[in-house]
Amino acid sequence: MVSQCALMSPCLNTVDFAPVLMNACTDCETTFDFIVVGGGTAGNVIANRLSEVMRWTVLLIEAGADPPMTTDVPKFHLSHQLSHIDWKFTTEKEEGMYYGFINNQDRWAAGRVLGGSSTIGRMLINRGSPVDYDIWAKNGNYGWSFSDLILYFKKYEDFVQYNCINSTEIATYHGIGSYITIDKFKSKEPLISVIKKAGCELGYEVKYDPDFVDQIGFYSAFATIRDGERVSTNKAYLRNARFRDNLFIAKNSRVTKILIDGNKRAYGVEYKIRNEKQVKIAKARKEVIISAGVINTPKLLMLSGIGPEKHLKDLSIPVVKNLKVGCNLQDHVTFPGVVIALNKSKCQNVRVGTIDSAYQYLSRRTGAFATICESEAIAFIAVRDDDVPDIQLIPYFFRRKDFKSLYLWAQIKGFTPEIVDMYETILNDIDILIIQPIVLRPRSRGRVKLRCKNPDEHPSIFAGHLRNSYDVETLIAGIRFIVKMVETVAFQRVDAEVKRLNFIGCCNEDFLTDTYWTCALSYLATTFNEHVGTAKMGPIYDTESVVSPTLKVHGIKGLRVADASIMPTIPGGNLLAPVLMIGEKVSDMIKHDWLSEAGSRDSNPNPTVCKNVSNPKAPPNPKLKMS
1 MVSQCALMSP CLNTVDFAPV LMNACTDCET TFDFIVVGGG TAGNVIANRL
51 SEVMRWTVLL IEAGADPPMT TDVPKFHLSH QLSHIDWKFT TEKEEGMYYG
101 FINNQDRWAA GRVLGGSSTI GRMLINRGSP VDYDIWAKNG NYGWSFSDLI
151 LYFKKYEDFV QYNCINSTEI ATYHGIGSYI TIDKFKSKEP LISVIKKAGC
201 ELGYEVKYDP DFVDQIGFYS AFATIRDGER VSTNKAYLRN ARFRDNLFIA
251 KNSRVTKILI DGNKRAYGVE YKIRNEKQVK IAKARKEVII SAGVINTPKL
301 LMLSGIGPEK HLKDLSIPVV KNLKVGCNLQ DHVTFPGVVI ALNKSKCQNV
351 RVGTIDSAYQ YLSRRTGAFA TICESEAIAF IAVRDDDVPD IQLIPYFFRR
401 KDFKSLYLWA QIKGFTPEIV DMYETILNDI DILIIQPIVL RPRSRGRVKL
451 RCKNPDEHPS IFAGHLRNSY DVETLIAGIR FIVKMVETVA FQRVDAEVKR
501 LNFIGCCNED FLTDTYWTCA LSYLATTFNE HVGTAKMGPI YDTESVVSPT
551 LKVHGIKGLR VADASIMPTI PGGNLLAPVL MIGEKVSDMI KHDWLSEAGS
601 RDSNPNPTVC KNVSNPKAPP NPKLKMS
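Quick note on the UniProt record's numbering: the sequence shown kicks off at 1 and runs consecutively.
(1) Go to aspartate 106, then tell me how far its alpha helix (DSSP H) extends in each direction, as first and last residue.
(2) Measuring only the C-alpha atoms, how far is cysteine 327 from phenylalanine 462?
(3) Do you know whose CA, among Pro389, Ile182 and Trp517, lies nearest glycine 505's CA?
(4) Express the C-alpha separation of valine 586 and leucine 551 in angstroms, rounding to a whole number.
(5) Measure the beta-carbon distance from alanine 18 to lysine 251 and round it to whole angstroms, keeping in mind my assumption that it falls under 8 Å.
(6) From Ala63, Ala65, Gly64 and Ile46, pick the residue whose C-alpha is nearest to that of threonine 57; which is it?
(7) Determine the burial state of tyrosine 142: buried for a count of at least 16 other Cβ atoms within 10 Å of its Cβ, exposed for fewer.
(8) In three-state DSSP terms, what is tyrosine 271?
(9) At the level of alpha carbons, what is the spacing between leucine 524 and asparagine 263?
(10) How far does the beta strand (DSSP E) with tyrosine 219 in it extend, from its first residue to its last?
(11) Residues in its own chain within less than 7 Å of glycine 228 by CB, not counting five upstream and five downstream?
(12) Let's see if you can read the secondary structure: which residues bound the alpha helix (DSSP H) around aspartate 495?
(13) Note down, one range per segment and in chain order, each beta strand (DSSP E) of at least 3 residues found wholly within the region 502 to 574.
(14) Terminal residues of the continuous alpha helix (DSSP H) containing alanine 358?
(15) According to DSSP, which residues form a beta bridge with threonine 41?
(16) So, with DSSP's three-state summary, where would you put glycine 199?
(17) Using DSSP's beta-bridge definition, name the partner residues of phenylalanine 415.
(18) DSSP three-state label for methionine 8, please.
(19) Could you check if glycine 203 is buried or exposed, using at least 16 other CB atoms within 10 Å of its CB as the buried criterion?
(20) Where does arginine 601 fall in DSSP's three states?
(21) CB-CB under 6 Å to threonine 224, same chain, minus the five flanking residues each way: which ones, in chain order?
(22) Taking buried to mean at least 16 other C-beta atoms within 10 Å of its own C-beta, is residue 710 buried or exposed?
(23) Kindly indicate the opening and closing residues of the beta strand (DSSP E) around proline 395.
(24) Relative to the C-alpha of valine 448, which candidate in Phe222, Ser548, Phe185 and Leu303 has its C-alpha closest?
(25) Mapping the DSSP letters down to three states, classify proline 437 as helix, strand or coil.
(26) In angstroms, rounded to a whole number, what distance separates the CA positions of valine 279 and lysine 324?
Pasting the structure below:
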């Protein structure tokens, strides 16, 4: 019981400043040096780093609150989607897509909680290829090449394996002693070995670290995990800063508008606390930093008059700055329809029961609950015979008659009952393994648009999945690779066989042909919940860009954007690492701007909030260890 209470212990939570703001005098000017909008993956990094300068006051505004204890348990990484800590976004209907999903809409998860998607995601962390970032720099984003960014990738790391591997590359590419612990899951599922052996048969090496220059290969994934518990940016960055008198965190508070004066300078925000109708105002002496995520960041910018002129005028929103906000949306599209039936009993160890696994986790933080099981076996493959991978593989395993796990997964995906029945029929008789191919560098583009001027309404999301034929061809090539894996000796030893899903519109197509897979994509192609690009970074001459290489919004003083929405193109890896890097880099850029000689003279050496508003007293600061 004590061990269970130690998960996300309330005594380690940050103090909620929202009740203080709620009770502040109506006419009181609540002013801070910096306002950070969004306590997600990047926002928490920025709030921590800026509050390191003790003469600066920092207000962090987050629509969610503290995460529940179950978010600490890796095994439950899927369970928090569609819960109260998920924004529960859905896309619009698109022609020729999502026929296998309820209402023909794709579900996009995003964390509405301190830590954001680092609190509810898969914890997988890898950077993609150096080429991804060198392209950013080549297109005018100076300071964003991989050689420039390696410092910031290392800056957030506490790489557990640092001293265990005798390799100069570890020291070159990884750091130790910082906030985000990076380690392996250490799953013991036998199928992980089968997957890696199949990769070897097809000419791919089993490697240790995908963050080295040569990314192609099969891996046991690195993750943001420490001693069997998730490490989110809430736990890593906010808890370690919770005793700072200059950091104020307003939970359950939603920003509805950025305040911009006649000189086009952002000077504060309007926000609501909980379900209150009254709008409150917080002002920023120096900057407002938007880290609300790929969907909510463009929404907030457009509600504030920063966006495509025609779209804003159609909604009767006064145009402050005409920029391509909401455009350039990119997503790692995937396909969960390659179903592999196998006789896992031929390679299966004795599986520990659920209750015993729970006890093992609570007593020692080990066992199945401390892992994501077979899903830790990832691969980066090049289906176009190139040096840079274009497909990532992620497996999911369901044990025979484990309908509870199947229904959870299907519910999160939003499958129709007919699609669920297809999976259920196969699972009733045999174990199934689903290996998902993910297009790492899609060429298709989508868009985020406002539905109306009401800030309580979700925006419209047009994913644009598979609109470019390159993405279709790449995804089908990834599917063909998985079929080849099933034909290897490693998989044949467990009687592996690809099973057909009988989609209504695909009945006339021969199974395992490209025409069948093309048809199947229109039913089950979906998001991997990794989106970027809706506030594109680029030089001023890039007419599609929204922010500069210093992440300042073009034409608006005192306003920056710092989250995945600034990425011009999507990196070929999982996005947790680059978003952490963005948080670290923008913090340094802000410090550079304001800690210069002119910035120092402009700073208030004894900052105050409102004379009627003060930070609640915190207990003395003990030496804080990562919980």
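For each residue, glycine too, the CB sits at the ideal point set by N, CA and C.
Quick answer:
(1) Note, aspartate 106: premise wrong, no alpha helix (DSSP H); not H, not E.
(2) 10 Å
(3) Trp517
(4) 7 Å
(5) 5 Å
(6) Ile46
(7) exposed
(8) strand
(9) 49 Å
(10) 217 to 220
(11) Tyr361, Arg365, Thr366 and Ala370
(12) That residue, aspartate 495, is in no alpha helix (DSSP H); it is neither H nor E in DSSP.
(13) 526 to 532 and 559 to 561
(14) 354 to 364
(15) Bridge partners of threonine 41: none, in fact.
(16) helix
(17) Phe101
(18) coil
(19) exposed
(20) Annotation note: pLDDT 44 at arginine 601 (below 50); position unreliable, no value reported.
(21) Met123, Ile125, Ile180 and Val231
(22) Examination of residue 710 is not possible in this model, given that the chain is present from 1 through 627 alone.
(23) 391 to 398
(24) Leu303
(25) strand
(26) 28 Å
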